[in-house]
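In this note's numbering, the protein residues as written are 25 to 521.
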């Protein structure tokens with residue numbers, strides 16, 4: 025006879041602090057936790073999952089995340105640690121003992137969910153028959169049409185509002201209504217997130233407004249590291265020293281920010297230009313999922329756009345696709361390695377990052393300043409870069425601007441590229457997983473009345489990877505590659521902000 029007693033008894037033996045307890049105690053079907061780093065969002069998500077597994081035998085919930093890689097980090101790393109604290113262990117086929125299995129079919133003698141999945145390779149199954157199915161939103165439409173008894177969303181500020189309204193919510197309130205009629209957890213949807221960096225993520229505040237109207241159905245709570253009594257007393261101070269003021273306020277203190285006005289990139293849209301669909305997944309011989317980047321092709325040359333400064337050296341890594349320029353990475357160096365200049369340090373970092381490249385060719389982009397001699401050397405900044413790559417066995421081709429363009433010409437060209445209304449130009453797609461610093465840099469780039477970029481952030485205490493340096497790398501490669509496109513007849517136009 026199947027023994028679920030241990031799972032039943034252990035499910036409640038967990039320590040939570042007051043705000044976490046408030047979240048767990050609420051019987052609202054729709055809950056949002058908006059909290060900063062070190063609050064324990066993932067731990068709380070897993071505690072909620074434990075309660076579902078305990079109280080909803082044979083139910084099926086989803087765990088939705090922007091990428092499968094993100095979900096694997098929760099399921100394969102954090103889950104094992106959290107469940108170990110509950111006394112739960114993965115099922116051992118040799119001993120027949122254990123409480124859950126990950127990414128494979130559960131034992132034949134375990135009960136199945138009422139609405140069992142067709143495949144088990146993206147599921148976590150429990151001894152009670154409860155099943156958690158992982159849904160990644162790299163290809164959102166592939167998730168349509170399921171039937172679930174409830175769901176969880178990890179880092180919901182990375183989601184689009186329409187995904188929740190048109191994909192996730194329609195999959196609730198349609199399964200097992202009679203079986204769980206008296207269970208308040210049935211058809212629950214909980215989302216867990218930090219404060220959004222982008223306008224597209226601000227839909228997460230909706231639960232806060234709905235709670236004011238219907239507190240029995242909706243629950244919203246905020247928190248930060250100050251709420252966690254188990255945290256090391258120096259954590260907050262250390263984070264403040266490591267992060268930029270803005271990043272510290274948003275990601276640690278959990279403060280909300282308004283949109284930056286008069287941006288140098290008025291046609292930049294996070295939802296359009298930034299892509300989360302940049303992973304591909306394969307299972308190794310042990311059945312473990314291994315993610316790799318799908319927007320990077322090691323058989324194609326790399327296009328590198330550099331920016332050189334005394335405090336930071338930056339580079340954006342690009343590759344051409346079909347009618348598409350892919351910005352696949354942004355790297356920087358702020359501290360030089362021993363016996364190397366800052367420029368050499370960054371160049372060797374690129375070499376190490378792309379050591380698996382089969383076609384060892386690079387195209388160098390940057391402004392005319394890069395051909396100036398570096399401090400204490402007869403070599404220019406680009407000379408140092410070329411020397412590193414050639415020493416590592418790469419072929420180097422120069423695509424460096426000879427003169428810097430007029431501000432209004434550069435602004436108009438980049439704006440036209442971002443608008444995507446001219447068939448002469450490719451689409452620009454930025455990997456939002458590897459290019460976070462570039463994206464923030466672009467959003468931290470105000471414009472002056474002269475159409476020049478406001479570079480005061482380069483002279484402040486803001487972390488320099490979030491200042492305008494990386495956005496300059498973005499500008500250099502776009503202007504070199506596309507400024508020579510045949511101009512249509514007519515008068516030059518300026519888009520006024």
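Virtual Cβ for every residue (Gly too), placed ideally from N, Cα, C.
- A distance below 6 angstroms between beta-carbons, with the five flanking residues on each side excluded, links residue 273 to the following residues of its chain, in chain order: 279.
- Around the C-beta of residue 208, fewer than 16 other C-beta atoms lie within 10 Å, and the residue is accordingly described as exposed.
- Inter-residue distance for residue 476 and residue 436 is about 11 angstroms (C-alpha atoms, whole angstroms).
- For residue 461, the enclosing alpha helix (DSSP H) covers residues 460-467.
- In the three-state reduction of the DSSP assignment, residue 122 falls in the coil class.
- Within the same chain, and ignoring the five residues on either side of residue 138 in sequence, the residues whose Cβ sits closer than 6 angstroms to its Cβ are 82 and 200.
- Residue 337 is bridged by DSSP to 332 and 357.
- At a Cβ-Cβ threshold of 8 angstroms, residue 41 and residue 253 count as neighbours.
- In this structure, DSSP gives residue 142 a state outside helix and strand, which the three-state scheme calls coil.
- Beta-bridge partners assigned by DSSP to residue 215: 56 and 177.
- For residue 84, the enclosing beta strand (DSSP E) begins and ends at 84-89.
- Under the three-state reduction of DSSP, residue 303 is assigned to strand.
- Cα atoms of residue 440 and residue 269: separation of roughly 32 angstroms, rounded to the nearest angstrom.
- In this structure the stretch 405-414 does not lie against the stretch 449-464, because fewer than three pairs of beta carbons, one per stretch, are closer than 8 angstroms.
- Of all alpha-carbon atoms in 195, 155 and 158, the one lying nearest the alpha-carbon of residue 168 is that of 195.
- In the displayed model, residue 500 falls within a helix according to three-state DSSP.
- By alpha-carbon distance to residue 341, the top candidate from 383, 388 and 347 is 388.
- Following the DSSP letters along the chain, one finds residue 237 inside the alpha helix (DSSP H) bounded by residues 230-237.
- Inter-segment contact for the stretch 172-186 and the stretch 81-99 is present: three or more beta-carbon pairs are separated by less than 8 angstroms.
- Residue 93 is classed as buried because its beta carbon has at least 16 other beta carbons within 10 Å across all chains shown.
- In this structure, residue 59 lies away from residue 243, with their beta-carbon atoms at least 8 angstroms apart.
- A buried status is given to residue 219, since no fewer than 16 other beta-carbon atoms sit within 10 Å of its beta-carbon.
- Around the beta carbon of residue 281, fewer than 16 other beta carbons sit within 10 angstroms, so the residue counts as exposed.
- Beta-bridge partners of residue 148 (DSSP): 126 and 156.
- Per the coordinates, the alpha-carbon of residue 326 lies some 16 angstroms from the alpha-carbon of residue 347.
- Under DSSP, no beta-bridge partner is assigned to residue 194.
- The alpha-carbon of residue 429 is positioned some 21 angstroms away from that of residue 450.
- Under the DSSP assignment, residue 452 falls in the beta strand (DSSP E) whose first and last residues are 451-455.
- The beta-bridge partner set that DSSP reports for residue 245 consists of 57.
- Assignment of residue 414 by DSSP, reduced to helix, strand and coil, places it in the helix class.
- It is roughly 48 angstroms from the alpha-carbon of residue 212 to the alpha-carbon of residue 448.
- Look at the beta carbons and you see the stretch 456-474 touching the stretch 347-365: at least three pairs across the two are nearer than 8 angstroms.
- With contacts defined as CB atoms closer than 8 angstroms, residue 471 and residue 221 fail to qualify as a contacting pair.
- Residue range 103-110 is occupied by the alpha helix (DSSP H) that includes residue 109.
- For residue 445 and residue 296, the gap between their C-alpha atoms comes out near 13 angstroms.
- In the structure shown, residue 429 adopts coil according to DSSP, grouped into three states.
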